[in-house]
Structures are given as C-alpha cells and as structure tokens.
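A.B. asks:
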Amino acid sequence: MENLNLWDELKKQKEIETFKKLFEKYNISDEIGSSRMGQDHSARSPWTGCSQFLPTTQKIIQFSDGKAPKPDDKIVYVAGAFDLFHVGHLDFLEKAKEKGDYLIVGLHTDPVVNEYKGSNYPIMNLHERVLSVLACKYVNEVVIGAPYDVTKELMEHFNVSVVCHGQTPIALGEGQLDPYAVPKMMGKFFLLDSDAEIAKHKGPPVFTEEER
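Per the UniProt record's numbering, the very first residue in the sequence shown carries number 1; after that it's consecutive.
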C-alpha cells in the first residue's frame with residue numbers, strides 16, 4: 001500500500017513539473033520589455049503584477065482540450081481562485097472529475113479573490129490562473145471571471161448536475177449569503193476531502209447553517 005501511495009504522489013509531482021514546463025515555454029521575459037505588451041494597465045488588478053503571458057485565444061486553445069460535452073455527459077462544476085496551482089488543487093480536481101464526465105472550473109477575478117482571501121492575494125493574475133488550470137488533464141472547460149455565487153442561471157446555462165467544493169472555508173458572498181445556497185437546495189452540492197495537506201490551509205470564516 002505504501003508503494004502504491006508513493007507511486008500516486010510521484011505521478012502527481014510529474015504533472016506539476018509538466019505545468020512548470022508549460023509556464024516556462026510561454027513565459028515572456030521582463031528583460032526584453034515584453035511583459036507590458038497587449039495589456040490594459042488601467043484595468044490591471046493592484047494585487048497582482050504584470051501578466052507574464054500574452055493572453056490570446058490561440059494560447060488558450062493550446063492549453064484546452066477543445067472538447068464540448070456530450071448530450072448525456074454528467075457535468076461537474078467547481079469554482080475558486082486556484083492560485084499558485086499545486087498538488088492539493090490537482091487532488092481536488094481529480095476527485096471532482098470522478099463525480100461526473102465533464103469538469104468545468106469557474107475562476108474568480110483578481111478583485112473577487114482579494115476580497116475573500118485578503119492580503120496580497122491572488123499571487124497569480126487571472127490570465128496565469130486560467131492557463132495553469134486548463135493544463136490540468138482533469139479539466140475540460142474554464143469559465144473566466146466566474147460569478148462568486150453559483151446561481152440557478154449558471155447551472156442551467158452549463159447544464160450542471162453536480163457542484164463540488166473542497167474542505168477549505170467558504171467565505172460568505174454579497175449580502176452575507178452562502179454562495180452555494182442554490183446547489184445545496186437542489187441537492188447537487190458535494191464537499192470533497194483532499195488527501196493533500198497543502199489543500200487544507202486556513203482561510204476566511206466558514207459558512208454555517210446557524211449563520212444563514
């Protein structure tokens with residue numbers, strides 16, 4: 001059993017190394033003055049530095065699997081920051097994918113992430129986070145700038161059957177409401193455990209039923 005667990009960890013570490021190679025391949029060096037190309041600095045988040053990527057549709061296509069869901073696919077939706085993509089994220093996304101056939105990841109914008117994480121988060125800006133998540137083999141699609149609240153309209157639009165969240169605390173949304181209230185009422189919400197300790201970090205106060 002120990003050998004099997006070691007093999008699983010080695011496989012995950014290899015996938016993380018693959019992500020790093022992809023970042024190196026598409027990195028735009030500051031030394032040649034290219035990091036400011038194609039960016040609207042008036043719209044740039046004050047919590048993240050200049051993007052090291054030139055965000056283009058071709059680049060996103062290169063990272064994406066480019067496959068649409070089949071009519072009978074069970075669609076799983078997860079949302080979050082996925083900042084500094086690590087083995088904990090990988091473990092969570094693998095477990096989420098096991099809940100269905102097609103995994104959609106909603107990525108929150110930089111200001112939204114900063115609102116619920118505080119400090120200088122996110123470390124990676126939205127463009128960088130999109131590409132790192134798309135590079136994960138379990139992910140089929142990414143919603144860029146997903147709403148913080150998982151609404152009925154969002155679930156109907158993507159035909160979502162299951163909504164998952166990890167064991168990290170859930171910060172309350174606008175009006176101090178649970179952002180996962182809708183999928184919970186529909187009986188489509190699942191909390192997933194992560195085997196990776198790095199995924200179990202402290203965060204904002206968790207939502208409880210008594211606080212609703």
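All C-beta atoms in this analysis are idealised placements derived from N, C-alpha and C, irrespective of residue type, glycine included.
Figure out for me which residue from V142, N125, V105 has the closest Cα to the Cα of P111.
C.D. replies: The shortest Cα separation from P111 among V142, N125, V105 belongs to N125.
A.B. asks: Below 7 Å CB to CB, which residues in the same chain sit around E31 once its five sequence neighbours on both sides are set aside?
C.D. replies: With a pLDDT of 35 at E31, under the threshold of 50, the modelled position of this residue cannot be trusted; read the value that follows with caution. Cβ within range, chain order: n/a, list empty.
A.B. asks: For I123, which option in T109, T151, V163, C136 has the closest C-alpha, if you only look at C-alpha atoms?
C.D. replies: Of the candidates T109, T151, V163, C136, the one whose C-alpha sits nearest the C-alpha of I123 is T109.
A.B. asks: Looking only at its chain, what residues have a beta carbon closer than 8 Å to the beta carbon of G100, apart from the 5 residues adjacent to it on each side?
C.D. replies: Hits under 8 Å: D73, K74, I75, V76, S161, V162.
A.B. asks: Quick check: the stretch 177-188 against the stretch 85-97, are at least 3 beta-carbon pairs closer than 8 Å?
C.D. replies: The stretch 85-97, when compared against the stretch 177-188, does not touch it at the 8 Å Cβ threshold.
A.B. asks: Using DSSP with H/G/I as helix, E/B as strand and the rest coil, what is G80?
C.D. replies: G80: strand per DSSP, three-state reduction.
A.B. asks: Look at the alpha carbon of V87 and the alpha carbon of L134, and state the distance between them as a whole number of angstroms.
C.D. replies: Computed Cα separation, rounded: 15 Å.
A.B. asks: Look at the Cβ atom of P71, then the Cβ atom of Y102, and state whether they are nearer than 7 Å.
C.D. replies: For P71 and Y102, no; Cβs fall outside 7 Å.
A.B. asks: From A146 to A79, what does the alpha carbon distance come to, in whole angstroms?
C.D. replies: Spanning the two alpha carbons is a distance of roughly 8 Å.
A.B. asks: Taking buried to mean at least 16 other C-beta atoms within 10 Å of its own C-beta, is H157 buried or exposed?
C.D. replies: With fewer than 16 Cβ atoms within 10 Å of its Cβ, H157 is classed as exposed.
A.B. asks: What is the DSSP secondary structure of Y116, counted as helix, strand or coil?
C.D. replies: Of the three classes helix, strand and coil, the one that applies to Y116 here is helix, per DSSP.
A.B. asks: Tell me the start and end of each unbroken beta strand (DSSP E) in the UniProt domain "Cytidyltransferase-like" (78-169) that is at least 3 residues and wholly inside, in chain order.
C.D. replies: Runs found: 102-107, 141-144, 160-165.
A.B. asks: Using a threshold of 7 Å, state whether the C-beta atoms of N114 and D65 are closer than that.
C.D. replies: No, these two residues do not count as a Cβ contact at 7 Å.
A.B. asks: Among G175, S132, A81, H165, which one has its Cα closest to the Cα of K188?
C.D. replies: The shortest Cα separation from K188 among G175, S132, A81, H165 belongs to H165.
A.B. asks: Could you check the C-alpha separation between F82 and H89 for me, to the nearest Å?
C.D. replies: Distance between the alpha carbons of F82 and H89: 7 Å.
A.B. asks: Can you give the Cα-Cα distance for I28 and L177, rounded to whole angstroms?
C.D. replies: Low confidence applies here, because I28 scores a pLDDT of 36, under 50, leaving its location unreliable; read the following figure in that light. Near 40 Å, if we compare the C-alpha coordinates of L177 and I28.
A.B. asks: Between L192 and Q167, what straight-line distance do the alpha-carbon atoms span, to the nearest angstrom?
C.D. replies: So the alpha carbons of these two residues sit roughly 6 Å apart.
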